[in-house]
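In this note's numbering, the protein residues as written are 9 to 158.
Ideal Cβ placement from N, Cα and C applies to all residues, glycine included.
What you are looking at is a predicted structure, and each value in this text was computed from that prediction instead of being measured.
Contents: one structure, followed by commentary.
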């Protein structure tokens with residue numbers, strides 16, 4: 009494979025995800041995570057909080073289903089989980105993890121959690137799972153489907 013070729017990865021791209029973060033145990037912000045590309049395990053895109061696109065760059069580990077990326081204000085790390093609904097033929101993708109705020113953020117040094125969700129059409133057989141997605145999966149999904157990202 010050539011260095012610039014796209015390898016098949018579990019995260020669709022380009023894609024839009026509803027995202028929510030809690031810092032120091034307090035719900036902080038809702039927004040949109042945009043993943044423009046994942047090429048050679050390198051992630052590029054943006055987060056949009058309060059109408060401002062903030063660039064992100066990071067890494068994707070396909071075998072471990074782990075993502076990490078930085079914005080100018082925070083460092084995010086997390087894992088991908090998939091929940092399939094074979095009745096509606098929808099695959100729900102959920103990224104959950106930790107966030108650490110960094111300068112110049114006013115919350116520099118504080119940490120918390122984040123969840124981001126998106127969905128795609130289910131192709132092939134469903135991924136077997138016995139768990140329900142976290143509540144945040146449904147709330148962040150509403151961001152995308154109701155246009156609350158403004």
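Other residues of its chain near residue i: CB distance less than 7 Å, five sequence neighbours each side excluded
i          : result
residue 24 : 40, 42, 126, 152
residue 54 : 42, 61, 62, 63, 64
Local conformation of residue i per DSSP, three classes
i           : result
residue 17  : coil
residue 126 : strand
residue 80  : coil
residue 131 : coil
residue 33  : coil
residue 95  : coil
residue 86  : strand
For residue j and residue i, the rounded distance between their alpha carbons
i           : j           : result
residue 75  : residue 101 : 13 Å
residue 81  : residue 113 : 5 Å
residue 11  : residue 71  : Caution is warranted here: a pLDDT of 46 is assigned to residue 11, below 50, making its placement in the model unreliable, and the coordinate value is therefore given only provisionally. Roughly 19 Å separates the two Cα atoms.
residue 105 : residue 19  : 15 Å
residue 158 : residue 26  : Any answer about residue 158 is weak, because its pLDDT of 40 lies below 50 and its placement is not dependable; what the coordinates show is given next. Cα to Cα, residue 158 sits roughly 12 Å from residue 26.
residue 91  : residue 115 : 33 Å
residue 124 : residue 103 : 5 Å
residue 16  : residue 52  : 16 Å
residue 29  : residue 84  : 10 Å
residue 122 : residue 131 : 27 Å
residue 56  : residue 88  : 20 Å
residue 77  : residue 108 : 11 Å
Residues near residue i by beta carbon distance below 6 Å, same chain, minus five either side
i          : result
residue 21 : 43, 45, 46
residue 49 : 67, 68
residue 58 : none
Opening and closing residue of the beta strand (DSSP E) in which residue i lies
i           : result
residue 107 : 98 to 109
residue 63  : 60 to 69
residue 54  : 50 to 57
Closer than 7 Å: residue i CB and nearest the ligand GDP heavy atom
i          : result
residue 25 : With respect to the ligand GDP, the structure offers nothing, as it holds no ligand at all.
Neighbourhood of residue i by C-beta distance below 8 Å, restricted to the same chain and skipping five residues each side
i           : result
residue 135 : 90, 91, 92, 99
residue 129 : 97, 98, 99
Neighbour flag for residue i against chain D, beta carbons, 8 Å
i           : result
residue 118 : Here there is only one protein chain, and chain D is not present.
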